[in-house]
Ligand code: SF4
Ligand code: SF4
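Numbering (the working numbering), first residue to last: 120 to 497.
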């Protein structure tokens, strides 16, 4: 990515906002973009994904507080604590255009790049050490909080939010780094920190709105989720996705809305059925992890978190068409990346990049009634 000469910001297209926005680098999209969809409705909060990631990547000294994959209980939980509430308060009003229909609305507020204080690339804050102390604080807490001075008040509800780096199209971490140590790979859109170049200034920790880069006090450099790129290079899904007990996760490649391939699972879920939505699209980084919102949560809360497409997403998910129903069956069924899918009257089928069948799941499990066995007791 190259900063245009003589300019601080350039204009780029953000399809999630349905408008152009300011960003310090020219628009430059990868050859293909890593993406994932997490179905919140199915998550059981078992943290198997969290431990699969931890035991693979962050078990060394200095990495104790690092949870590249974490599952937090909303509305009160967060790692670091209150990461989203703190930034939302700083960002100010986040309005979407009024009008008919939900998913076609344009964002009218400011993104974190447009709201950047003078001399900064993006709006952000650096969490204090104590905010990283409890990775799963307020786990399973649904009761409205009494102490309104420290926590926002909510109705009685909770749900699990599964969080990894979003491998954003417009990464704030990369924009913020004064060493240009963070880069987005052209071959798959995965965002990485060059461990040789990083000097631990922590600008990425400060300006990633999702707080996914983490500082290693032992090595004095920052680290983050690497989307298990050695596995992705072998057409294999990440560790958190492979290990998911609830089968809530599906990994793939996402296209722009004007280049949709309807047999591409990510495109179908995000662009065709519109059941999967980005988290806090108003931040403006164009995140590439998408969520099927939980059906039981107050809509106002969900709209702030997932944008204006929430009602439509829940409606479609609650009454799925045959293709969507079939595709939902393919979540968590294979360690290979499903690049294409097809649904017949009986099966949902997943294909690899070479259009070879890699998984076939029946839409309805056969019922087998075994004849009773009687033992003669004498
Ligand atoms: S989620 Fe944060 S760390 Fe990951 S690419 Fe986006 S801005 Fe960077
Ligand atoms: S492994 Fe799957 S079901 Fe368990 S917490 Fe993680 S995302 Fe949820």
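Heads up, the beta-carbon is just placed ideally off N, CA and C, and yes, glycines get one too.
As the structure is a computational prediction, the values presented were derived from the model and not from experiment.
For residue 280, same chain residues with a beta-carbon under 6 Å away, outside a window of 5 residues either side, are 191, 193 in chain order.
The continuous stretches of beta strand (DSSP E) do not include residue 419, which lies in the alpha helix (DSSP H) extending over residues 418 to 425.
Residue range 202 to 210 is occupied by the alpha helix (DSSP H) that includes residue 203. Taking the C-beta atoms as reference points, residue 275 is found no nearer than 8 Å to residue 195. For residue 405, the closest C-alpha among the options 411, 413, 396 is that of 396.
Taking the C-beta atoms as reference points, residue 451 is found no nearer than 8 Å to residue 328.
Excluding residues up to 5 positions away in sequence, 412, 414 lie with their Cβ nearer than 7 Å to the Cβ of residue 433 in the same chain. Within the chosen limit of 7 Å, ligand 1 reaches the beta carbon of residue 290 through at least one heavy atom. With contacts defined as CB atoms closer than 8 Å, residue 149 and residue 377 fail to qualify as a contacting pair. Contact check for residue 467 and residue 449: beta-carbon distance about 5 Å, within the 8 Å limit, so the pair qualifies. Beta-bridge partners assigned by DSSP to residue 139: 132.
Going by beta carbons, residue 410 and residue 157 fall inside the 8 Å limit. One Cα belongs to residue 361, the other to residue 494, and the distance between them is close to 43 Å. By the neighbour-count criterion, in which 16 or more other beta carbons inside 10 Å mark a residue as buried, residue 295 falls on the buried side.
Distance check between residue 162 and each of 199, 488, 366 places 366 closest, using alpha-carbon atoms only. If you draw a 10 Å sphere on the C-beta of residue 381, you find fewer than 16 other C-beta atoms in it, and that means exposed. Between the alpha carbons of residue 229 and residue 304 lies a gap of roughly 27 Å. Between the alpha carbons of residue 339 and residue 170 lies a distance of about 24 Å. Short of 7 Å from the beta carbon of residue 241, and not among the five residues preceding or following it, lie these beta carbons of its own chain, in chain order: 231, 232, 235, 291, 294, 295, 326. Fully contained in the region 320 to 404 are the following beta strand (DSSP E) runs of length 3 or more, in chain order: 333 to 335, 340 to 342, 368 to 373.
Boundaries of the alpha helix (DSSP H) harbouring residue 442: 441 to 448, taken from the DSSP string. Scanning its chain for C-beta atoms nearer than 7 Å, with the 5 sequence neighbours on each side dropped, one finds around residue 373 the residues 152, 154, 385, 386, 389, 407, in chain order. If you draw a straight line from the Cα of residue 319 to the Cα of residue 438, it comes to about 49 Å. Sequence-distant partners of residue 316 (beyond 5 residues in either direction) whose C-beta falls short of 8 Å from its own C-beta, in its chain, are 298, 299, 300. A check of alpha carbon separations from residue 460 across 430, 369, 428, 394 identifies 369 as the nearest. Within the same chain, 292, 323, 324, 341, 343 come within 6 Å of residue 332 by CB-CB distance, once the 5 residues on both sides are set aside.
Measuring C-alpha to C-alpha distances from residue 364 to each of 138, 159, 486, 224 identifies 159 as the nearest. Under the three-state reduction of DSSP, residue 432 is assigned to helix. A Cβ-Cβ distance of about 14 Å is found for the pair residue 203 and residue 211, leaving them out of contact under the 8 Å criterion. A distance below 8 Å between beta-carbons, with the five flanking residues on each side excluded, links residue 143 to the following residues of its chain, in chain order: 122, 127, 128, 129, 232, 240, 294. Taken atom to atom, the span from the alpha-carbon of residue 403 to that of residue 140 is near 8 Å. Residue state for residue 248 is assigned as helix, using DSSP reduced to three classes. By a beta-carbon distance limit of 8 Å, residue 200 does not contact residue 258. Their separation comes to about 13 Å. In terms of side-chain proximity, the C-beta atom of residue 329 is found nearer than 7 Å to a non-hydrogen atom of ligand 1. At least one heavy atom of ligand 2 is found less than 7 Å from the C-beta of residue 190. Secondary structure at residue 461: strand, using DSSP grouped into helix, strand and coil.
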